[in-house]
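First residue of the sequence shown: 46, per our numbering; consecutive thereafter.
Positions of the beta carbon are idealized from the N, C-alpha and C atoms, including for glycine.
One structure is given here, and the rest of the page talks about it.
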Amino acid sequence: MLRYLNGYGPEVKQQVQQLIDNDQLGVWLQRRYPPDSGHAIQTDVALYDYTQRLKQQYMRSSGPISKVFFDTRMHVIDNALGQHQFVSRVQGNKLKRKNEIKVSALLKTLPEALLRMVVVHELAHLREKEHNKAFYQLCQHMQSDYHQLELDLRLFLTFREINGDK
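Written out as structure tokens, the structure is:
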């Protein structure tokens, strides 16, 4: 039941299990993210603009992003709600590389802070391909509470799973 929390210690899992057992996880999430904490980023164009603003603010020297979009087919696979891809295409006698980011459409319905966390995560992959120390430092540079937001997103996913929304 706590599959989204596999990387966390027993104390965190125990606290979450207590919230679940007491039917309080939803209450806790709603207190932390009131219903009005949603966002207006509902289209691919809005998501692209949002991502570009973050990139411009924190990662100007990184390569350009050619495409950012919500993927309605992306479900939580290997705990991922976003994906960064390097797409290589042959154009004439040249090999063109493009950066593309896709984000699960589920994030349209979650608070903006959680959408931002996923976008920050995918942007960090422009510089760091692996999930290493430098990668997470970059994420924290762009989003100081990155680790808390990642945990909160995992709690949202756990809550959805408990309530049958997969």
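How many Å lie between I122 and K178 at the Cα?
By one-based count along the sequence shown, residue 122 stands at place 77. By one-based count along the sequence shown, residue 178 stands at place 133. For I122, the predicted structure reports a pLDDT of 49, less than 50, and the residue's modelled location is therefore unreliable. A value from the coordinates is still provided. One C-alpha to the other measures close to 23 Å.
DSSP has F114 in a bridge; who is on the other side?
In the sequence shown, the residue the question calls residue 114 occupies position 69. According to DSSP, residue pairing for F114 in a beta bridge involves K147.
So, with DSSP's three-state summary, where would you put R172?
Position 127 of the sequence shown, counting from 1, holds the residue named residue 172. The answer is coil: DSSP assigns R172 none of H, G, I, E or B.
Neighbour-count burial assignment, R118, 16 or more Cβ in a 10 Å radius:
Working through the sequence shown from its first residue, we reach residue 118 at position 73. If you draw a 10 Å sphere on the C-beta of R118, you find fewer than 16 other C-beta atoms in it, and that means exposed.
Just to confirm my understanding: we take E157, look at its own chain, exclude 5 residues before and 5 after, and list those with CB closer than 8 Å. What are they?
One-based indexing of the sequence shown puts residue 157 at position 112. Once the five neighbours on either side are set aside, the close Cβ partners of E157 are S82, G83, H84 and I86.
State yes or no: is the C-beta of L160 within less than 9 Å of the C-beta of L152?
Numbered from its first residue, the sequence shown carries residue 160 at position 115. Numbered from its first residue, the sequence shown carries residue 152 at position 107. Yes; because the gap between Cβ atoms is below 9 Å, this pair is in contact.
Helix, strand or coil at Q87 according to DSSP, with G and I counted as helix
Working through the sequence shown from its first residue, we reach residue 87 at position 42. Three-state result, Q87: coil.
To which residues of the same chain is L183 closer than 7 Å at the C-beta, ignoring the five residues directly before and after it?
Mapped onto the sequence shown, residue 183 falls at position 138. Closer than 7 Å at the Cβ level, and outside the excluded window around L183, lie A169, R172 and E173.
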